[in-house]
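Chains as they are written, first to last, in the numbering used here: chain A, 1486 to 1868; chain B, 1486 to 1868.
Even glycine gets a Cβ: it sits at the ideal position worked out from N, Cα and C.
Every value quoted in this text rests on a predicted model; they were computed, and no experiment measured them.
Heads up, the thing below is written out as structure tokens.
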């Protein structure tokens, strides 16, 4: 159902010829209204792709009538010419759809440092517009895939309203968002400020706590569009929770499909002095290549967890740290704990609990293991 | 020649039975004087192994008469019992050598979270002491190897004096020092303060700028011992340069033997506003897994360099960044530069130059590529 689960939206996904493979590579999502409210969150990488720079400007107005998304090229590090390409994309969509270009968001994903084939992209927008449908969400989700092995969609039903969405992303996943394009839609009648509050709260504890490979992208974009077509204004709390649930679902799908991964690693940091401490420790564990290799080898190597914790500035006493792997407390008081042979590592999900023994705050970070397949996928060709 | 290149030192390396393989695993380096001056630099990881905690105390006195080093176990995260093991090691060496335990430094490397087999280690000290020789430096260097494929030594001759040393380390190499044990010796007549100044200056731009895999160890130790046996007091500048040259040589050997690596990557950041900016950007590039994979695949993927620079807080304008790979400026002004097909990637050394176009400062960081062999070596067994 994806972005067309909510009323008031149409979508399409087509093959414009941007990808040499001929696979679908262009998606269009259109808000039919009556409301055109929108909010967006973007990569915190200071090297931002042209479509990110463009869409950040568009979102300042709080109105988005359509989103054009392409795979097959990130349009990042492409200079003034690349920015003109994004502008031309928005202008073309505006012309075809009868909207203002200033209300058209653009998102791109693929190889950095290569100009987009505009001779294929611009006709593709016409083709996509001709195929717009209230059932087009699935096709749109398929068209934004790059190295994703499956397309990712999620829907949560509210009381007379719906939040749905699609996502792509399989590598370059790290805090500050990932090489990740996400479009969420709702038919709830929520203004731009309400959308923004819900979206920022949701991404902070979902997409921002996914760290597949520690690499932050130039193109990450998460958009939330409201059509108001359900003619219901939900309580902000209920709406925010629905947005969070959809983001959480999609974030887990990103981790589950990360490049070359064989393990999904849930890192929970507990009894931290502050939430920031918990997040810092969780990210440090998530990014430790030696630990990621060990977990790939089904080795509950808790020493690598401790050495990762030791590189942070979080409050802790090394002699009070406790670490559990799959609920076996293999490290107690900074030293050898229960028998590591008790840890069952056969399953895809691995749970690490790091107890800082300092306070009452906690955070969960999701990561993946590091595998020869990841190396192969990211060394065998440019991506 | 190693640690016995300088006059006034004896060393030994033997198999004490700590390693199940029966390979050499215990080294002893003894300063015969007349001077017993010493300086040390240790891991900045807040989770420190017992021998690091012990040796930090020893070094406060500025005197070291001997160093006991073992491979086959890091004695990290081993609690009060582990600290007692280190203490007993120093006491045993003191007894055998006729020195005070407070002048015996201890260093360990190997698996974290496992107690050392003291029933083998203590008799090993007697055996090593019996084998001490002014030609024992090579054997000592061999005995501290873990996953190292070769032992590492270096010597620089001054005017009537010598600085020599040995190092081990092949993984968990990152700023803040590596899983790296280094012992340097000199027969120059230099006091503890002079040794300390020379050693800190040297490690700051050598071992601290090696980043094999972004993982900081619990055990890193670099010691510099002076015997004064040459009866020459060199100018501090000349001495510091000799110490720096030996550290640089050993640091390069560590990178050249890093686990699973197929490329040595020299990252030079130029025209930075400050040296700190240059180092921050260099480390960010050095730790980017996607770039490390691309370079393994001989793909000059400069977009991944830019996205790594973009995650730093260094001063730069994204539209003024230039990047060269093996001297081809593949990125100019933040966009596509010279033809990437001109980059010859066949050799082991890869040179990345990142021009921040902000100032006049620079720094060099050495790193390695990320390979399936690295994953295998760190997932197939605990290390």
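Which partner residues of residue i appear in the DSSP bridge assignment?
i                       : result
residue 1642 of chain B : B/1647
residue 1779 of chain A : DSSP, once it has assigned bridges, lists no residue as partnering residue 1779 of chain A.
residue 1516 of chain A : A/1494
residue 1807 of chain B : B/1840
residue 1706 of chain B : B/1527, B/1666
residue 1834 of chain B : B/1749
residue 1487 of chain B : None; residue 1487 of chain B has no bridge partner.
residue 1569 of chain A : Answer is none; residue 1569 of chain A lacks a bridge partner.
Quick one: Cα of residue i to Cα of residue j, how far?
i                       : j                       : result
residue 1711 of chain B : residue 1491 of chain B : 9 Å
residue 1781 of chain B : residue 1830 of chain B : 9 Å
residue 1804 of chain A : residue 1487 of chain B : 36 Å
residue 1678 of chain A : residue 1523 of chain A : 9 Å
residue 1727 of chain B : residue 1734 of chain B : 11 Å
residue 1723 of chain B : residue 1647 of chain B : 11 Å
residue 1531 of chain A : residue 1762 of chain A : 24 Å
residue 1673 of chain B : residue 1816 of chain B : 48 Å
residue 1736 of chain A : residue 1705 of chain B : 37 Å
residue 1695 of chain A : residue 1848 of chain A : 12 Å
residue 1675 of chain B : residue 1525 of chain B : 14 Å
residue 1602 of chain B : residue 1774 of chain B : 37 Å
residue 1766 of chain B : residue 1756 of chain B : 12 Å
residue 1663 of chain B : residue 1703 of chain B : With a pLDDT of only 39 at residue 1663 of chain B, under the threshold of 50, the placement of this residue in the model should not be trusted; the figure read from the coordinates follows. If you take the alpha carbons of residue 1663 of chain B and residue 1703 of chain B, they lie about 9 Å apart.
residue 1553 of chain A : residue 1820 of chain B : 23 Å
residue 1687 of chain A : residue 1542 of chain A : 22 Å
residue 1571 of chain B : residue 1600 of chain B : 10 Å
residue 1732 of chain A : residue 1739 of chain A : 10 Å
Within 10 angstroms of its Cβ, does residue i collect 16 or more other Cβ (buried), or is it exposed?
i                       : result
residue 1832 of chain B : exposed
residue 1719 of chain B : buried
residue 1545 of chain A : exposed
residue 1618 of chain A : exposed
residue 1742 of chain B : buried
residue 1827 of chain A : exposed
residue 1565 of chain B : exposed
residue 1746 of chain B : buried
residue 1505 of chain B : exposed
residue 1744 of chain A : buried
residue 1834 of chain A : exposed
residue 1590 of chain A : buried
residue 1615 of chain A : exposed
residue 1489 of chain A : buried
Among the options, which residue has its Cα nearest to the Cα of residue i?
i                       : options                        : result
residue 1717 of chain B : B/1642, B/1787, B/1780         : B/1642
residue 1508 of chain A : A/1634, A/1580, A/1571, A/1729 : A/1634
residue 1698 of chain B : B/1578, B/1769, B/1539, B/1586 : B/1769
residue 1496 of chain B : B/1771, B/1621, B/1848, B/1766 : B/1621
residue 1649 of chain A : A/1517, A/1729, A/1613         : A/1729
residue 1759 of chain A : A/1787, A/1824, A/1845         : A/1845
residue 1752 of chain B : B/1515, B/1771, B/1746         : B/1771
residue 1637 of chain A : A/1645, A/1654, A/1646, A/1552 : A/1654
residue 1639 of chain B : B/1670, B/1788, B/1558         : B/1670
residue 1581 of chain A : A/1607, A/1707, A/1853         : A/1607
residue 1557 of chain B : B/1510, B/1802, B/1550         : B/1510
residue 1529 of chain B : B/1645, B/1701, B/1748, B/1843 : B/1701
residue 1515 of chain B : B/1709, B/1573, B/1814         : B/1709
residue 1628 of chain A : A/1498, A/1749, A/1688, A/1543 : A/1498
residue 1749 of chain A : A/1852, A/1535, A/1788, A/1793 : A/1852
residue 1811 of chain A : A/1788, A/1797, A/1818, A/1838 : A/1838
residue 1548 of chain A : A/1521, A/1808, A/1573, A/1856 : A/1521
Say yes only if the C-beta of residue i is nearer than 8 Å to one or more non-hydrogen atoms of the ligand FAD, and no if none qualify.
i                       : result
residue 1684 of chain B : As presented, the structure is devoid of all ligands, the ligand FAD included, so that no description of it is given.
Following the continuous alpha helix (DSSP H) through residue i, name the residue where it begins and the one where it ends.
i                       : result
residue 1737 of chain B : 1721–1741
residue 1685 of chain A : 1677–1690
residue 1670 of chain B : Per DSSP, residue 1670 of chain B belongs to no alpha helix (DSSP H); it is in the beta strand (DSSP E), 1666–1671.
residue 1753 of chain B : Run containing residue 1753 of chain B: none in the alpha helix (DSSP H); it sits in the beta strand (DSSP E), 1749–1757.
residue 1561 of chain B : No alpha helix (DSSP H) contains residue 1561 of chain B, which DSSP labels as neither H nor E.
residue 1767 of chain A : 1760–1771
residue 1788 of chain B : 1787–1794
residue 1624 of chain A : 1622–1628
residue 1862 of chain A : 1857–1864
residue 1538 of chain A : 1535–1545
Identify the continuous beta strand (DSSP E) that holds residue i and give its terminal residues.
i                       : result
residue 1853 of chain A : 1846–1853
residue 1597 of chain B : Taken as a continuous stretch (DSSP letters only), residue 1597 of chain B belongs to no beta strand (DSSP E), as it is neither H nor E.
residue 1813 of chain A : 1813–1817
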